Structures are given as C-alpha cells and as structure tokens.
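First up is the structure itself, then whatever we jot down about it.
Protein chains: 2
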Amino acid sequence: MTDDRSATGGERPVRVLLADDEHLIRGALAALLALEDDLLVVAEAASGPEALAMARAHRPDVAVLDLQMPGKDGVAVATALRTELPDCRTMIVTGHGRPGHLKRALAAGVRGFVPKTVSAQRLAEIIRTVHAGNRYVDPELAADAISAGDSPLTAREAELLELAADGAPIAEIAERAALAPGTVRNYLSSAAAKLSAENRHAAVRIARERGWL
Amino acid sequence: MTDDRSATGGERPVRVLLADDEHLIRGALAALLALEDDLLVVAEAASGPEALAMARAHRPDVAVLDLQMPGKDGVAVATALRTELPDCRTMIVTGHGRPGHLKRALAAGVRGFVPKTVSAQRLAEIIRTVHAGNRYVDPELAADAISAGDSPLTAREAELLELAADGAPIAEIAERAALAPGTVRNYLSSAAAKLSAENRHAAVRIARERGWL
DNA sequence: ACATCCCCCTGACATTTGTCACACGCAGTC
DNA sequence: GACTGCGTGTGACAAATGTCAGGGGGATGT
Numbered sequence: 001m002t003d004d005r006s007a008t009g010g011e012r013p014v015r016v017l018l019a020d021d022e023h024l025i026r027g028a029l030a031a032l033l034a035l036e037d038d039l040l041v042v043a044e045a046a047s048g049p050e051a052l053a054m055a056r057a058h059r060p061d062v063a064v065l066d067l068q069m070p071g072k073d074g075v076a077v078a079t080a081l082r083t084e085l086p087d088c089r090t091m092i093v094t095g096h097g098r099p100g101h102l103k104r105a106l107a108a109g110v111r112g113f114v115p116k117t118v119s120a121q122r123l124a125e126i127i128r129t130v131h132a133g134n135r136y137v138d139p140e141l142a143a144d145a146i147s148a149g150d151s152p153l154t155a156r157e158a159e160l161l162e163l164a165a166d167g168a169p170i171a172e173i174a175e176r177a178a179l180a181p182g183t184v185r186n187y188l189s190s191a192a193a194k195l196s197a198e199n200r201h202a203a204v205r206i207a208r209e210r211g212w213l
Numbered sequence: 001m002t003d004d005r006s007a008t009g010g011e012r013p014v015r016v017l018l019a020d021d022e023h024l025i026r027g028a029l030a031a032l033l034a035l036e037d038d039l040l041v042v043a044e045a046a047s048g049p050e051a052l053a054m055a056r057a058h059r060p061d062v063a064v065l066d067l068q069m070p071g072k073d074g075v076a077v078a079t080a081l082r083t084e085l086p087d088c089r090t091m092i093v094t095g096h097g098r099p100g101h102l103k104r105a106l107a108a109g110v111r112g113f114v115p116k117t118v119s120a121q122r123l124a125e126i127i128r129t130v131h132a133g134n135r136y137v138d139p140e141l142a143a144d145a146i147s148a149g150d151s152p153l154t155a156r157e158a159e160l161l162e163l164a165a166d167g168a169p170i171a172e173i174a175e176r177a178a179l180a181p182g183t184v185r186n187y188l189s190s191a192a193a194k195l196s197a198e199n200r201h202a203a204v205r206i207a208r209e210r211g212w213l
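Going line by line, the protein sequences match chains B and A. Heads up, the first sequence stops at 213 in full-length UniProt numbering, and the numbers go up one at a time, no gaps. Heads up, the second sequence stops at 213 in full-length UniProt numbering, and the numbers go up one at a time, no gaps.
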C-alpha cells in the first residue's frame, strides 16, 4: 500500500500532529495550517505522553513538537517515535533555542528545528520540506550550535553539575552521588575550569546556556 | 458576511494591539481574533519599544502584551501606556506565570493576566471583559500569587541578589555595589535566611521562581 | 521628647568551598 | 610487555563564603 504522491485531482494532504502545551498557540496554529490546502492537522496534544498516544492512534506523516512540554520533552517524544513509527517525520518548534538542544534533536532523528519567531507561512513550507524527506534547520540556531561546539564535560562532570544546579551544598550532592565530598569538589572545579567559570554556580549557568546540561 | 454584533451599527469594534516576539504565535493569534466580529487587530509588535510606538500611532482600546519581550517587558510597556494613553486598557499574556509578575502587573494598572494555556475563544471573551472596564485574572495564577505572598526582601537585599544572579564572587559584587565585602555577605545571608535557602545561589533560584527578582 | 523598630552598614570568626598533588584502573600505541 | 593518556577517585591545604554581634540613622507610635 505505498502512497504515490501524485494522485488524480491533486496530492493527498500531509497528515500533521501538533504537540504544544500552550493551548492558545496550538489552537491558533491549527487554524492557520488549516488554511493550507495540502496540510491536514489530524491530531493535537498538550503533553509528551499525550503526543505519543495521539501519534500511535492517528499515524501522522509529520509530528510538529514543542521542545518544552510536561511529561516528556520534544526530543524524548521524537526518540520514541523514531522506533515506534519510523515513517513519521519529526520536527521541533521551540521558543528559545539552546545550541545543545539542536544537537540532541538531530541525534534523535529530528528533521526540522525552527524557533517560534518564524511566520506560519514559513512553517507550512518547512513542514512540506520535512515531509519530502529533506532537513531544515534555522540558520541562526545552526550558527549558534556550530560556534558553541561540543560539550567538553565528561559524563561525571555533567552529572554532578546537574546535581549542583539547584544550589545544593557539596555535602548533599556527595550523598546523592555516593561520593566523597572532596571528589565532588574536584569534579565541579574541573567543570568550572573547562567552562571558564568563577565557580560551580556560574558553571551551571553557562552549561545551561549552551544546552550542555 | 454574517454580522451578529455589529449588524445594527450600534457597537464599534474593539481595537486591539498585539505584542509578542514570537511571530508564529502573534500571527496565529491575529488570525483567530479576526474571526470575532467585534474585535479588530489594528497593530502588531515584536518588541517592547515597538509596542509603545504602535500604541501611540494607532491608539488601540486594548493592548495584549506578552510578558517576555526584547527591549521592554510587558509590565514596563503597560506602565508607560498608563501615563501616555490612559484610555487604553492593558492585559498580559504569559507562558509561565510567576506569582511576583502578577503583582507587578496589577500595580502597573494591568487589567487582565492570563497564561497561554487558555483557548483563543476564552481570550476573546477576556479581551471583551477588559475592554468593558472589568478585570480578569487567571484563577490558578491568582491562587499561586496569594500563597506566595509578598516579597520579604528589602530593597538592598533584592538588589544584591540580582547582582549575585550570574554566580559572580562576592568581591566583584561588592565592587559593583560600592560596598564592603562583609556587608554584601551579610545582605545575601539575610536574603537566603528569609527564603529558607542553603546559600545565595539557591536563594536566587527561589526568588526567581517566585518572581521576586 | 522618648522609646522602639527596622534598615543600612561593618569587621571578626567558623564553616564551606575551590585548588593542588597524587593513586588507581582502563584503553590504545609502540 | 611497557608506555602513555585519560577518566575516576581521594585527602590536605588555602581561599572564599556564611554567621554573628553590634553601631548609626531615619521613621513611627506613645
């Protein structure tokens, strides 16, 4: 049952899944995409798990996922879809794009990555691009990602930095990581040095900005 | 053309200004509000200063402002509008509502405060409510604001907490504030105690969450 | 006028944190 | 095998940070 794209009397519409926790945006977006003849919004979701369930039920051609959603984030949903519905193309729409997110998204098989500053018209074009099997990444976000480069942090460094993210004292971090306090200090110090930060808290901030957390 | 509300020529449409840095949302929103017969989007803006300029030029009845915008945030724009165009009602739409923001907004004369999780239909109703001179605050956000209460921080405490926000060492903060290092430590310690935080970094995080920064 | 309270500011002291030198295990290379 | 480099883990020491007690000044209530 392969769908040939050239059918009589016009092409079959592209079936789209929309996932975004902000109803206002999701609804408005659905209305705008409905104006395009060749696009059809077949399902909407307000959370990560819901997006997965909707995808299983409606088997869309393209899944448009917000990056920050309750439950599972956009990349996690894309990862799950990659194995469950290999034919479904995925793309991420995000408010503030961090370089690391783009890298994670591409690794998860996402084919489109755009900020919410694009127009609806442009988004429709990108959905078609992605559906055709091509990739599209916002040029500005791509430039940021390239200039930011890869994370220089080792696995433990990143893990401890994450535990330090909420400002907890070393003792608590050490207990949660089952390590000696001195070891924790050493890793955090190393991470701070790699990020040219004055201390671990500044290091957390920088790593967050770069999307390395 | 079906015209329920303006058929008799009685009601003039409500002139609306839309300000949001995410073009996708702004455009989609404009399209949805255009479906309402009694609402007319007369101007759009993508930044705080642009929103002010547009308001001066088009004199809308209601200004719908996003909280986080480049240049000036929504509350700052609302404050400026209060003196420049007293007849223009203002309302804030935000993604993640922090309790403190709501308080600041109400102090600035804002008459509506809603999260982006509402539907477009609901937003249209709220715009009418605000235009009629009434207030509307999302119940959930209101509950959060009440439970969070007022900021217990003094002016200096908040100021130094802000300077400490990027993880700078005490010496640098002291220099920037023209204070003795001991004084800085004392204020930050006091702030941390009031917020039940382990240290100043956790205090910054908590204050940010509550919207007290 | 006086007492009281709160905010602003400071220095001395104890604790926490960051830096350093070093040991172990585990790849890959010669 | 022996060498080398890297990630992991630890404790001792120096520096940064948080805590404490206290002085000065303006506002408020009696």
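For each residue, glycine too, the CB sits at the ideal point set by N, CA and C. Since this is a predicted model, take the numbers as computed values, not measurements.
Just curious, the alpha helix (DSSP H) that residue i is in, first and last residue?
{"i": "Thr-90(B)", "result": "Counting along the chain, Thr-90(B) falls outside any alpha helix (DSSP H), though it belongs to the beta strand (DSSP E) covering 89-94."}
{"i": "Gly-182(A)", "result": "181-194"}
{"i": "Leu-40(A)", "result": "Premise fails: Leu-40(A) lies in the beta strand (DSSP E), 39-45, not in any alpha helix (DSSP H)."}
{"i": "Leu-32(A)", "result": "23-34"}
{"i": "Ser-151(A)", "result": "No alpha helix (DSSP H) holds Ser-151(A); DSSP gives it neither H nor E."}
{"i": "Lys-103(A)", "result": "99-107"}
{"i": "Leu-81(A)", "result": "74-84"}
Let me make sure I understand the geometry here. Which of the options has the alpha-carbon closest to that of residue i?
{"i": "Arg-12(B)", "options": "Leu-29(B), Asp-61(B), Lys-103(B) and Asp-21(B)", "result": "Asp-61(B)"}
{"i": "Thr-83(A)", "options": "Leu-65(A), Arg-15(A), Leu-52(A) and Ile-146(A)", "result": "Leu-52(A)"}
{"i": "Ala-145(B)", "options": "Trp-212(B), Ala-76(B), Asn-134(B) and Ala-43(B)", "result": "Trp-212(B)"}
{"i": "Cys-88(B)", "options": "Leu-161(B), Gly-48(B), His-131(B) and Ala-168(B)", "result": "His-131(B)"}
{"i": "Thr-90(B)", "options": "Leu-18(B), Ala-30(B) and Val-184(B)", "result": "Leu-18(B)"}
{"i": "Pro-152(B)", "options": "Tyr-136(B), Asn-134(B), Ala-203(B) and Ala-124(B)", "result": "Ala-203(B)"}
{"i": "Met-54(B)", "options": "Glu-125(B), Asp-20(B) and Arg-205(B)", "result": "Asp-20(B)"}
{"i": "Arg-59(A)", "options": "Val-42(A), Leu-65(A), Leu-141(A) and Asp-66(A)", "result": "Val-42(A)"}
{"i": "Thr-129(B)", "options": "Ile-25(B), His-201(B), Gly-112(B) and Ala-31(B)", "result": "Gly-112(B)"}
{"i": "Pro-99(B)", "options": "Asp-166(B), Lys-194(B) and Asp-138(B)", "result": "Asp-138(B)"}
{"i": "Ala-192(B)", "options": "Ala-164(B), Glu-50(B) and Arg-122(B)", "result": "Ala-164(B)"}
{"i": "Lys-116(A)", "options": "Ala-155(B), Ala-148(B), Asp-73(B) and Ala-28(B)", "result": "Ala-28(B)"}
{"i": "Leu-106(B)", "options": "Leu-81(B), Val-75(B) and Gln-121(B)", "result": "Val-75(B)"}
{"i": "Ala-143(B)", "options": "Asn-134(B), Lys-194(B), Arg-176(B) and Leu-102(B)", "result": "Leu-102(B)"}
{"i": "Thr-154(A)", "options": "Ser-190(A), Ala-80(A), Leu-32(A) and Met-69(A)", "result": "Ser-190(A)"}
{"i": "Asp-38(B)", "options": "Pro-169(B), Gly-48(B), Tyr-187(B) and Gln-121(B)", "result": "Gln-121(B)"}
{"i": "Glu-157(A)", "options": "Gly-149(A), Glu-36(A), Arg-200(A) and Asp-73(A)", "result": "Arg-200(A)"}
For the beta strand (DSSP E) that residue i lies in, which residues bound it at each end?
{"i": "residue 216(B)", "result": "Not covered by the structure: residue 216(B). The range shown for chain B is 1 to 213."}
{"i": "Arg-15(B)", "result": "14-19"}
Under three-state DSSP, which class holds residue i?
{"i": "Glu-125(B)", "result": "helix"}
{"i": "Asp-166(B)", "result": "coil"}
{"i": "Asp-66(A)", "result": "strand"}
{"i": "Gly-112(B)", "result": "strand"}
{"i": "Arg-200(A)", "result": "helix"}
{"i": "Val-118(A)", "result": "coil"}
{"i": "Ala-177(B)", "result": "helix"}
{"i": "Ala-132(A)", "result": "coil"}
{"i": "Arg-210(A)", "result": "helix"}
{"i": "Ser-6(A)", "result": "In this prediction, Ser-6(A) has a pLDDT of 44, which is less than 50 and means its spatial position is unreliable; nothing more can be read from the coordinates."}
{"i": "Met-1(A)", "result": "Residue placement at Met-1(A) is flagged as unreliable, the pLDDT there being 46, under the threshold of 50; the coordinate-derived value follows with that caveat. Three-state DSSP puts Met-1(A) in coil, outside helix and strand."}
Quick one: list the residues of chain B neighbouring residue i, beta-carbon separation under 9 Å, in chain order.
{"i": "Pro-72(A)", "result": "It is Lys, not Pro, that sits at residue 72(A) in the sequence shown. Near Lys-72(A) there are no residues of chain B at all, since even the closest Cβ is about 18 Å away, more than 9 Å."}
At a CB-CB cut-off below 8 Å, which residues of chain B make contact with residue i?
{"i": "Lys-116(A)", "result": "Glu-22, His-23, Leu-24 and Ile-25"}
Note down, in chain order, every chain A residue with its Cβ under 9 Å from the Cβ of residue i.
{"i": "Leu-29(B)", "result": "Leu-24, Ile-25 and Ala-28"}
{"i": "Arg-205(B)", "result": "Ala-165, Asp-166 and Gly-167"}
Could you list which residues in chain A have their beta carbon closer than 7 Å to that of residue i, in chain order?
{"i": "Gly-95(B)", "result": "Glu-22"}
{"i": "Leu-123(B)", "result": "Leu-24"}
Between residue i and residue j, which are expected to be in contact by the criterion C-beta below 8 Å, what is the C-beta distance as a whole number of angstroms?
{"i": "Leu-161(B)", "j": "Val-184(B)", "result": "The Cβ separation is near 11 Å, so there is no contact."}
{"i": "Gly-95(B)", "j": "Glu-22(A)", "result": "6 Å"}
{"i": "Val-64(B)", "j": "Ile-127(B)", "result": "7 Å"}
{"i": "Leu-40(B)", "j": "Arg-15(B)", "result": "6 Å"}
{"i": "Ala-78(A)", "j": "Ala-108(A)", "result": "5 Å"}
{"i": "Asp-66(B)", "j": "Val-110(B)", "result": "About 12 Å separates the two Cβ atoms, so there is no contact after all."}
{"i": "Ala-174(A)", "j": "Ala-180(A)", "result": "6 Å"}
How would you list, in chain order, the residues of chain B whose beta-carbon sits under 7 Å from the beta-carbon of residue i?
{"i": "Arg-156(A)", "result": "Those do not exist, as Arg-156(A) stays about 21 Å from chain B at its closest Cβ, beyond 7 Å."}
{"i": "His-201(A)", "result": "Gly-167 and His-201"}
{"i": "Ala-120(A)", "result": "Leu-24, Gly-27 and Ala-28"}
Give the residues of chain A in contact with residue i, contact being defined as C-beta atoms less than 8 Å apart.
{"i": "Ser-196(B)", "result": "Near Ser-196(B) there are no residues of chain A at all, since even the closest Cβ is about 12 Å away, more than 8 Å."}
{"i": "Leu-32(B)", "result": "Gly-27, Ala-28 and Ala-31"}
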